[in-house]
Amino acid sequence: MIKRNQFSIIAAALFVASGVAGGFYAQDAKSRATEIDKSFAKFAPAVKTRSDEKNFYVESNGLPDHGMMSGITAWQQQVPLPQKYSGPNAWQFPLFPVPAKEPMSAKSNFFRGAIAVAANGVPIFNPIKNDGRTDTLLAGELDQWGGHSGRGDDYHYHIPPLILQEKLGKSLPVAYALDGYPIYGLTEPDGTNPKDLDGFNGHSTSKLGYHYHATKTYPYLNGGFHGEVTERGGQVDPQPRASSPRPATEPLRGAKISDFKTLERGKSYSLTYIVDGKASKVNYQVNADGSVKFDFVDPTGSVTSETYRGRPERGGPRGGGQNRDGQRREGELGPPPGPRKPWFVDHAKGLDSNLDGEVTTLEVTDQCKSAFKEYADGGDSITVAELPDKRTVRNEVGGFMKVHAKELDQDGDGKITEAETIETMLRMFRKQDKNGDGKLSGSELEG
Ligand SMILES: [Zn+2]
Ligand SMILES: [Zn+2]
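This is how it looks when you write it as structure tokens:
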């Protein structure tokens, strides 16, 4: 007896040999891509697509053309910034999905990164957030469209954006899971209710083959991968990386986002949030050089401004998009040419959070705390052995910790505590702080 998955592997092998898909997809790569593109083409030219013999690629800036952020009642202070999901940093999934020998559930895997990409080029993450238990929708973290912004100020959904059906209708998938299977809405294309959905919200029909559906309760979309995917560092690999010029922010207790306006698409935005009945605003503007200027307007109307500069592009393009999300980052690809500068000199720009040209112990300690918190996932220590596999926290200390995990473990117990992190960084800091005034400035920041 040949099991279904064995048959499909044989079919896939035949496809590779002949250039024509076996199994359900009796199409060549080009016709398959044309079929898939029907959903994404509805959102052109904001969404661009391409394909090769194996994969379908989706390029976008990650921002939807519908509203964002309004309705969030648990806010981490992140905002939507345009992302560069293009070139080697595009979204991708296989043209011809292959059923997995051991399908992986999203209940216990894939808490990081996306599990699907919507027809409008916006990624969809696991409905359970990266603590492995919180349902983002039930926790009030999502806006009325099912999305919010992540630590890279990257907008993403955690449930399928059914609003896209206004453009797509019921007959086209609203998204594709990263294993390559389509995700349809709450109904079949003919409007009837899907029958016999499996634990991943999927089933096979004669017309559509295997496909997933959206549901109004968990798992909301594909609750795992019926098809083959590569899991690496807790997420599907490869997938694009999001980034923000500013360090990750902290949750703001009691805040509710009441309004969000796009003043100029891709450039200028205004977010209003309410705390204790009083409205504050975050107005922000993306400049041509990639820097972002934030104006924080408090309830009295007083404005505090901060500008975060884009990270300099160093190290060239990141190897054909094969790097896992956040595992490497410009500036960590090896020492710069020439004599190596002290770490604090090399990373002063990213450490100087308030951009006053000096690096203070407070700025360093803050980065230590936020990097530690993220790596430790809410726990009180980080296992040295696991740190290299974690998604890199996007601040200078976060990058340092990944590379120097062992050195941070000062008592050698295989674990890093927040105190060890701060101690190590401040010890290095004091070496560089030649005049001992608690800040690095002037000649102390010259290589
Ligand atoms: Zn999220
Ligand atoms: Zn169906």
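Counting from 18, one number per residue, gives the positions in the sequence shown under the working numbering. Glycine residues also receive a C-beta, built at the ideal position from the N, C-alpha and C atoms.
Q: Compute the minimum distance between the beta carbon of G241 and the heavy atoms of ligand 1, and state whether it is under 8 Å.
A: Start at 1 with the first residue of the sequence shown, and residue 241 comes out as number 224. G241 Cβ: outside cutoff for every heavy atom of ligand 1.
Q: Would you tell me roughly how many angstroms separate the C-alpha atoms of N106 and F361, rounded to the nearest one?
A: For the purposes of this step, residue 106 is taken as the residue at position 89 of the sequence shown. For the purposes of this step, residue 361 is taken as the residue at position 344 of the sequence shown. Cα-Cα distance, rounded: 29 Å.
Q) If you check the beta carbons only, do A135 and P177 fall under 9 Å apart? A) Locating residue 135 in the sequence shown gives position 118, counting from the first residue. Locating residue 177 in the sequence shown gives position 160, counting from the first residue. In contact: A135 and P177 (Cβ atoms closer than 9 Å).
Q | beta strand (DSSP E) runs contained entirely in the stretch 238 to 315, provided each spans 3 or more residues | A | 241 to 244, 247 to 249, 252 to 254, 273 to 281, 285 to 292, 295 to 303 and 309 to 314
Q: Determine the burial state of S25: buried for a count of at least 16 other Cβ atoms within 10 Å of its Cβ, exposed for fewer.
A: As a first step, residue 25 is located in the sequence shown; it is residue number 8 there, counting from the start. Note on S25: pLDDT 49, under 50, position unreliable in the model; the coordinate value appears next. Buried: at least 16 other Cβ atoms inside 10 Å.
Q. How should G415 be labelled, buried or exposed, when 16 other C-beta atoms within 10 angstroms of its C-beta is the threshold for buried?
A. Mapped onto the sequence shown, residue 415 falls at position 398. Label assigned to G415: buried.
Q: Output yes or no for whether 9 Å exceeds the beta carbon distance between Y227 and G216.
A: In the sequence shown, counting from the first residue as 1, residue 227 sits at position 210. In the sequence shown, counting from the first residue as 1, residue 216 sits at position 199. In this structure, G216 does not lie closer than 9 Å to Y227 by Cβ.
Q. Is the stretch 142 to 161 touching the stretch 79 to 90 in the sense that three or more CB pairs, one from each, lie closer than 8 Å?
A. yes
Q.
Among the candidates D293, Y325, S458 and S319, whose CA atom is the shortest distance from the CA of Y301?
A. Taking the sequence shown and counting its residues from 1, one reaches residue 301 at position 284. If we check each option's Cα against that of Y301, Y325 comes out closest.
Q) Is it the case that the CB of T222 approaches a heavy atom of ligand 2 more closely than 8 Å? A) Position 205 of the sequence shown, counted from the start, is the residue given in the question as residue 222. Yes, ligand 2 has a heavy atom inside 8 Å of this Cβ.
Q.
Could you check if E158 belongs to the surroundings of ligand 1, using beta carbon to heavy atom distance under 8 Å?
A. Translated into the one-based positions of the sequence shown, residue 158 becomes position 141. Yes, ligand 1 has a heavy atom inside 8 Å of this Cβ.
Q: Report the rounded CA-to-CA distance for N218 versus T209, giving the unit in angstroms.
A: Taking the first residue of the sequence shown as 1, we reach residue 218 at position 201. Taking the first residue of the sequence shown as 1, we reach residue 209 at position 192. Cα-Cα distance, rounded: 16 Å.
Q: Please classify E119: is it buried, with 16 or more other beta-carbons within 10 angstroms of its beta-carbon, or exposed?
A: To locate residue 119, count along the sequence shown from 1; it is residue 102. E119 comes out exposed.
(Q) With a threshold of 8 Å (Cβ to nearest heavy atom), would P359 be considered close to ligand 2? (A) Looking up residue 359 in the sequence shown gives position 342. It does not: the Cβ of P359 is nowhere closer than 8 Å to a heavy atom of ligand 2.
Q. Comparing the CB of F57 with every heavy atom of ligand 1, is any distance shorter than 8 Å?
A. Sequence index remark: in the sequence shown, residue 57 carries index 40 (1-based). No.
Q | Given 8 Å, three or more beta-carbon pairs between the stretch 144 to 155 and the stretch 66 to 76 | A | no
Q.
Which same chain residues end up closer than 6 Å to F389 when comparing Cβ atoms and leaving out the 5 residues on each side of it in sequence?
A. For the purposes of this step, residue 389 is taken as the residue at position 372 of the sequence shown. The answer, listed in chain order, is E435 and T438.
Q) By Cβ distance, which residues of its chain are closer than 8 Å to E413, with the 5 residues on each side in sequence left out? A) Start at 1 with the first residue of the sequence shown, and residue 413 comes out as number 396. H364, G367, L368 and Q384.
Q: For I176, name the three-state secondary structure that DSSP assigns.
A: Counting from one through the sequence shown, the residue named residue 176 turns up at place 159. In the structure shown, I176 sits in coil (DSSP, three-state: anything other than H, G, I, E or B).
Q: Would you mind reading off the limits of the beta strand (DSSP E) that contains G164?
A: On the sequence shown, residue 164 is found 147 positions in, with the first residue counted as 1. Here the beta strand (DSSP E) through G164 covers G164 to S166.
(Q) Quick check on R341: buried or exposed, where buried means 16 or more other Cβ atoms within 10 Å of its Cβ? (A) Translated into the one-based positions of the sequence shown, residue 341 becomes position 324. Note that R341 scores a pLDDT of 30, beneath 50, so its modelled location is shaky and nothing firm can be said.
Q.
By the DSSP assignment, the alpha helix (DSSP H) with Y392 in it spans what residues?
A. Indexing the sequence shown from 1 puts residue 392 at position 375. Counting along the chain, the alpha helix (DSSP H) containing Y392 begins and ends at T378 to A393.
Q | Residues of its chain near Y237, where Cβ-Cβ distance is below 8 Å and the 5 sequence neighbours each way are ignored | A | What you label residue 237 is simply residue 220 of the sequence shown in a count that begins at 1. These residues qualify, in order along the chain: P144, L154, H175, I176, P177, N218 and A231.
Q) What did DSSP end up calling K47 once you bin it into helix, strand or coil? A) For this step, residue 47 is matched to residue 30 along the sequence shown. Helix, per DSSP.
(Q) Is G167 near ligand 1 - that is, is its Cβ less than 8 Å away from at least one heavy atom of it? (A) The residue labelled residue 167 in the question sits at position 150 within the sequence shown. Answer for G167: yes, Cβ within range of ligand 1.
Q. Does the stretch 446 to 463 come close enough to the stretch 420 to 435 that 3 or more CB-CB pairs lie under 8 Å?
A. no
Q | Pairwise C-alpha distance: R67 and K224 | A | Locating residue 224 in the sequence shown gives position 207, where the first residue counts as 1. Locating residue 67 in the sequence shown gives position 50, where the first residue counts as 1. Near 25 Å, if we compare the C-alpha coordinates of R67 and K224.
Q) Which one of V309, T266 and K386 has the shortest CA to CA distance from G167? A) For this step, residue 167 is matched to residue 150 along the sequence shown. Ranking V309, T266 and K386 by Cα distance to G167 puts T266 first.
Q. With burial defined as no fewer than 16 other Cβ atoms inside 10 Å of the residue's Cβ, what is the status of K295: buried or exposed?
A. What you label residue 295 is simply residue 278 of the sequence shown in a count that begins at 1. Answer is exposed; the Cβ neighbour count stays below 16.
Q | Integer-rounded CB distance, given that F127 should sit under 8 Å from G251 | A | Taking the sequence shown and counting its residues from 1, one reaches residue 251 at position 234. Taking the sequence shown and counting its residues from 1, one reaches residue 127 at position 110. Rounded, the Cβ-Cβ distance is 7 Å, consistent with contact.
Q: From the DSSP output, in three-state form, read off E70 for me.
A: In the sequence shown, residue 70 corresponds to position 53, counting from 1. In this structure, E70 counts as coil in the three-state DSSP scheme.
Q | Simplified DSSP assignment, three categories, for V414 | A | As a first step, residue 414 is located in the sequence shown; it is residue number 397 there, counting from the start. The answer is helix: DSSP assigns V414 an H, G or I state.
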